[in-house]
Each structure stands twice: as structure tokens, then as C-alpha cells.
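Notes to accompany the following structure.
Residue numbers (mature numbering (1 follows the signal peptide of the UniProt record, and there is no 0)): -24 to -1, 1 to 355.
Here it is, written out as C-alpha cells:
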């Protein structure tokens, strides 16, 4: 409807006004009209504090991309990454020191109590220290689990606000069939991923870490197979999501834009055959759709930048936690009890699973938006 209204407006202007050449100012006015219709300010309001302190503005980024400028200051992005790296190391230093102290204390108690004939003293001291380590590691893992859930919520909220704006631009640039099909699937994707992550994958990762910590409380393994099953569920779910989303989006990118292109080609040929106004109609269509495609690509590119900015800092934090706990497990292995080593390593495995969950979600939304932006052109 909006696309038809724009065509009619410019066609009337071309028919009843004297013919004048099209200047850059005319294109800028048309682009400004499109941007006003999209109402990008709503996206800025929805972003709120989810941009990790970069001061990034979605509407300003779209305007910069339309003008051919770079919307990001790479120096500030580099400073953000370095600050995140050192800040995360500083925050985890205290936990790492406490873990090392507990592990060394457990090793000392174990070796000291070996001189006694009865092992009850050694067992009691081990369980006391293990419970302290259990509490410390669960608190640390809970914080990164909350970070993952909050980041996923930020990504989903942004996509929910971006989709109406973006697919309005797609409908103007390409047509209603493409916009409608992609919009329906993207809404389904957002809802499905939100429910899967919130109610299944993140709780499954939390249970995996809990079962692994409880499993090493005793000398015999009672929960290792259940933990392995949860880990397998998470990994298979991630692979299935990638296959389904990429496969379905690929099919849509091949078919839906071609349908709208055929409809637009038929309309252009029919209008071009009208004596007197055919050439004017084709010229207006070319100018309008060219501006619409530029705006659509700018909105899509700005959306990709926002997704990257939202995810980059949490992904770095999860990566640092994964490496840190794996490193601690490797360092204490020569002097510590095997159960404590496995306990620390399990937290590293859990952080790695959260990293996969968050990274996969961000990549799926990123690929979906990129595929639509790249495949949809002016009809």
C-alpha cells in the first residue's frame, strides 16, 4: 500500500509538471521521506542500555550508511574490547585466587591425614573444602548464566523492534510477497529461539554444571551419564537450529524475491507500453526503488552492527571464563584431588556451552538479516 502510494505520487508529478532532470537533492529528499516513514527513533528507544556503553545510535548509523560514511569509531571499539578484557580478568582474579587456596588446602589436609590410620579425618576435611569450592564455583557460574540470559533477551528485544521497521523497507524496495514471507518466518524464529533458549538450553546447561559438581562429591560417579545426556541435548539442539534456519532462509532467499521481481517486471512492462507516460513511469520507478533499496540496505547493515555490538562483550566475557577455568583445572591437576580438578573443569565446560548458545543465537539472527539484505533487490 505504501509502495503504491509513492508510485502514484511521483507519477502525477511527472505527468503534470514540466520535465526536469533528477538531481542529487531530489534523491536526498526521497531518502529523507523514506526514513521519516520508517520511524527509526523507536528502535533507538528500545536499545536502551544494551549497547555496552558505546553510545551507538541506530538512526544515526542508518543516516551515516546512506551517506556512505562509517557509523563506527574503530578506536572506541578497540578500547571497549581491551577494557572488557582487563575488567573481566580483574573480576575473576579474586575467584581464581580463592579456588587455588581451597585446592591447595585440600591437598595439604589430604597428605597430612594420611599419617593417621583412620581416614575419617581426611574425608571430613575434604568434604568441607569441597562444599566451599562448590559454593564458590556455583556463584561464579550463576553470574555468567545470568549474563547470557540477559544478552539473549537484549538480542530478542532488538529483533522484535527492528523487524517491523526493516520489513517495511523491504516491502517498499522489493514487494509484499518477500516482506510477508520473511517477516512471518523471522517472527517464528524469534519466538522459537526465545522459548528454546529461555526454557530449555540455558536451564539444561545450568543442570549440567550442577550435576557435574554433585557427581564428584562422592568417589563413585552417579550423575555423570545424566550430565553427558544434557550436554548432548544442548549440542544437538544448536546444530539442529543452524541447519533449520540456514536451510529455510536459503530457500526463501531463492524463491520469494523472484516472485516479487516477476510481478514488478510485468507491472513495468504494462505501464511502459502506455503512450505518453510509459517512459515517465519507468523513470520514476527506477528512482524510487533505487532510493528504497539504499534505505533497506542501510537499515539492514545497521541492524547487523547492533547485533555485533550487543553480543561482542558478553561473548568475550564467556570466552575468558571458559579459558580461565580450564587453565585453573590444568594448573591444579598435579597437586589436587581428581574430583576437585573435574569440578573446576566442569565450570569451564558449562561456560563453553553458554558461549556456544549465545554465539549460535547471535549468528543465526545475523545470518538471517544478512541473507535478506543481500538477496532482496529492487524488483
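Yeah, the Cβ is synthetic: ideal placement off N, Cα and C, and Gly gets one too.
query, result
"Neighbour-count burial assignment, residue 321, 16 or more Cβ in a 10 Å radius", "buried"
"Contact check, residue 308 vs residue 73, beta carbons under 9 Å", "no"
"Where residue -3 sits in the DSSP three-state scheme", "Because the pLDDT at residue -3 is just 45, under 50, the model does not fix this residue reliably, and the value given afterwards should be weighed accordingly. The answer is coil: DSSP assigns residue -3 none of H, G, I, E or B."
"Beta-carbon proximity of residue 312 to residue 82, cut-off 9 Å", "yes"
"C-alpha gap between residue 348 and residue 78, whole angstroms", "53 Å"
"Same chain, Cβ closer than 6 Å to residue 225, five either side skipped, listed in chain order", "344, 347"
"Spatial neighbours of residue 279 in its chain, beta-carbon cut-off 6 Å, leaving aside the 5 residues before and after", "138, 345"
"Environment of residue 184 [buried if 16+ CB atoms lie within 10 Å]", "buried"
"Cβ neighbour criterion (16 or more within 10 Å) applied to residue 41", "buried"
"Helix, strand or coil at residue 310 [DSSP, three-state]", "coil"
"Collapsed DSSP secondary structure at residue 207 in the structure displayed", "helix"
"Anticipated Cβ contact below 8 Å, residue 113 with residue 189, distance rounded", "7 Å"
"Residue 360: first and last residue of the uninterrupted alpha helix (DSSP H) it sits in", "The structure shown does not extend to residue 360, since the chain is modelled only from -24 to 355, so the question has no answer here."
"Under the three-state DSSP convention, the category residue 301 falls into", "helix"
"Where the alpha helix (DSSP H) containing residue 39 begins and where it ends", "34 to 43"
"Reference residue 292; option with closest CA among 275, 332, 314, 317", "332"
"Three-state class that DSSP yields for residue 198 in the structure shown", "coil"
"For residue 124 and residue 144, the rounded distance between their alpha carbons", "31 Å"
"Buried or exposed (CB count within 10 angstroms, at least 16 for buried), residue 203", "buried"
"Sufficient close CB pairs (3 or more, under 8 Å) joining the segment 126 to 138 to the segment 165 to 173", "yes"
"Cutoff 8 Å; reference residue 195; Cβ partners in own chain excluding five residues on either side", "315"
"Coil, strand or helix - residue 108 by DSSP", "helix"
"Residues near residue 317 in its chain [Cβ-Cβ closer than 7 Å; skip 5 each side]", "305, 308, 309"
"Cβ-Cβ distance between residue 187 and residue 200 below 9 Å", "yes"
"Closest Cα partner of residue 107 within the set 330, 17, 192, 283", "192"
"Contact belief for residue 303 with residue 330 at Cβ below 8 Å, rounded distance in angstroms", "Not confirmed; about 18 Å, so no contact."
"Between the CA atoms of residue 211 and residue 178 - distance to the nearest angstrom", "12 Å"
"Delimiting residues of the alpha helix (DSSP H) encompassing residue 187", "178 to 191"
"Secondary structure of residue 60, DSSP reduced to three states", "helix"
"Assigned secondary structure, residue 226 (DSSP; H/G/I helix, E/B strand, else coil)", "helix"
"Buried/exposed call for residue 228, threshold 16 Cβ in 10 Å", "buried"
"9 Å Cβ cutoff met for residue 275 and residue 142", "yes"
"Local Cβ density within 10 Å of residue 111, reported as buried at 16 or more and exposed below that", "exposed"
"Residue 116, buried or exposed, once every other Cβ within 10 Å from all chains shown has been counted against 16", "buried"
"Nonlocal neighbours in the same chain, by C-beta distance under 7 Å from residue 298, ignoring five residues either side", "324, 327, 328, 331"
"Sequence-distant residues of its chain with Cβ nearer than 7 Å to residue 273 (five each side left out)", "349"
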